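Asks:
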Amino acid sequence: SQRLMEGGSGLEATIGEGDGDQKLQQPEMSEFGKPMQSVSEFGVPSVSERSPLATSQARKRTNWQTLAGLCLVGFFVNCQPSEPFLTRFLIEYKGISEEQLDNEVWPYDTYGSFIFLIPVGLLAEIYGYRQIVFVGLLCREATRIILLFANGVVMMAVMQLTYAAATSANTVYYAYAYQVVDTSEFTRVTGYMRASYHAGNVVGCIMNGSCLL
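Count along the sequence shown from 1, add 1069, and you get the number used in my numbering.
1) Run through DSSP, which three-state label would Ser1265 get?
2) Can you grab the Cα-Cα spacing for the pair Tyr1177 / Leu1230, in whole Å?
3) Restricting to Cα atoms, I'd like to know which of Ala1238, Leu1139 and Arg1157 is closest to Ile1187.
4) Buried or exposed for Cys1280, going by 16 or more other Cβ atoms inside 10 Å?
5) Could you check the C-alpha separation between Arg1159 and Ile1165 for me, to the nearest Å?
6) Please state if the CB of Asn1220 and the CB of Lys1129 are separated by a distance shorter than 8 Å.
7) Looking at the secondary structure, which residues open and close the alpha helix (DSSP H) in which Thr1156 lies?
8) If we ignore side chains and look at the alpha-carbon of each, how far apart do Tyr1261 and Asn1147 end up?
9) In whole angstroms, what separates the C-alpha of Asn1270 from that of Thr1240?
10) Indicate whether Ala1246 and Leu1141 have their beta-carbon atoms separated by less than 8 Å.
11) With the cut-off set at 8 Å, would you say Val1222 and Glu1173 are in Cβ contact?
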């Protein structure tokens, strides 16, 4: 073994003298145990050089997919053809007088918004923006269920509280959209979000008018 080591040292010295004192360089190995190809060999970047760019592109694509989903949520949430008939529905089908609505039902929307608006932002920072947006959607469904199946002034006041919780999550909804894109895209994102929001209102009004024809 000592001879082999001495022979190997002599070979390395001979190679160093013949090649102008250049040492042999071992090729860089990939994670699969194969030599990695360099840029000069084939004219294309190596896997390690492409990975940061590929990762950035994949993240950007995922962020825009998330934004598209948020725009769809905004569209369907604001497409409410039955909303103009809410007062009439409560008076004729739930047996609540207009005075009770003004004094005992509608004020709870204002009270609820005042209660939920600040905590909802803090909860978003603690538990995540997506989770709070989802809870807001659940509150909207709770509002619909109470409105359809419950009766009485007290339950209609509770319905307004759940609706206030749902609308309070709108601030988190917009903040979440700005979190998933770069600051350079804020203007474009704002346009997309507002367009989807108002498109839902327009479609809801068209459906509302179509029902009256």
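All C-beta atoms, glycine included, are put in the ideal place defined by N, C-alpha and C. Being a predicted model, the structure only gives us computed values, none of them experimental.
Replies: Let me lay it out:
1) What you label residue 1265 is simply residue 196 of the sequence shown in a count that begins at 1. DSSP, read as helix, strand or coil, puts Ser1265 in helix.
2) Translated into positions along the sequence shown, residue 1177 becomes position 108. Translated into positions along the sequence shown, residue 1230 becomes position 161. Near 6 Å, if we compare the C-alpha coordinates of Leu1230 and Tyr1177.
3) As a first step, residue 1187 is located in the sequence shown; it is residue number 118 there, counting from the start. Comparing alpha carbon positions, the residue from Ala1238, Leu1139 and Arg1157 closest to Ile1187 is Ala1238.
4) Counted from its first residue, the sequence shown places residue 1280 at position 211. Its Cβ having fewer than 16 others within 10 Å, Cys1280 is exposed.
5) Taking the first residue of the sequence shown as 1, we reach residue 1159 at position 90. Taking the first residue of the sequence shown as 1, we reach residue 1165 at position 96. Note on identity: in this sequence residue 1159 is Leu, with Arg being the wrong assignment. Straight-line Cα distance between these residues: approximately 6 Å.
6) Taking the first residue of the sequence shown as position 1, residue 1129 is located at position 60. Taking the first residue of the sequence shown as position 1, residue 1220 is located at position 151. Going by C-beta atoms, Lys1129 is not nearer than 8 Å to Asn1220.
7) For this step, residue 1156 is matched to residue 87 along the sequence shown. Leu1155 to Glu1161 is the span of the alpha helix (DSSP H), which, as asked, contains Thr1156.
8) Numbered from 1 along the sequence shown, position 192 holds the residue referred to as residue 1261. Numbered from 1 along the sequence shown, position 78 holds the residue referred to as residue 1147. Looking at the two C-alpha atoms, the distance is approximately 14 Å.
9) On the sequence shown, residue 1270 is found 201 positions in, with the first residue counted as 1. On the sequence shown, residue 1240 is found 171 positions in, with the first residue counted as 1. Rounded to whole angstroms, Asn1270 and Thr1240 show a C-alpha spacing of 18 Å.
10) As a working note, residue 1246 is residue 177 in the sequence shown. As a working note, residue 1141 is residue 72 in the sequence shown. Against a cut-off of 8 Å, the Cβ pair of Leu1141 and Ala1246 comes out as no contact.
11) Locating residue 1222 in the sequence shown gives position 153, counting from the first residue. Locating residue 1173 in the sequence shown gives position 104, counting from the first residue. Judged by their CB atoms, Val1222 and Glu1173 are nearer to each other than the 8 Å cut-off.
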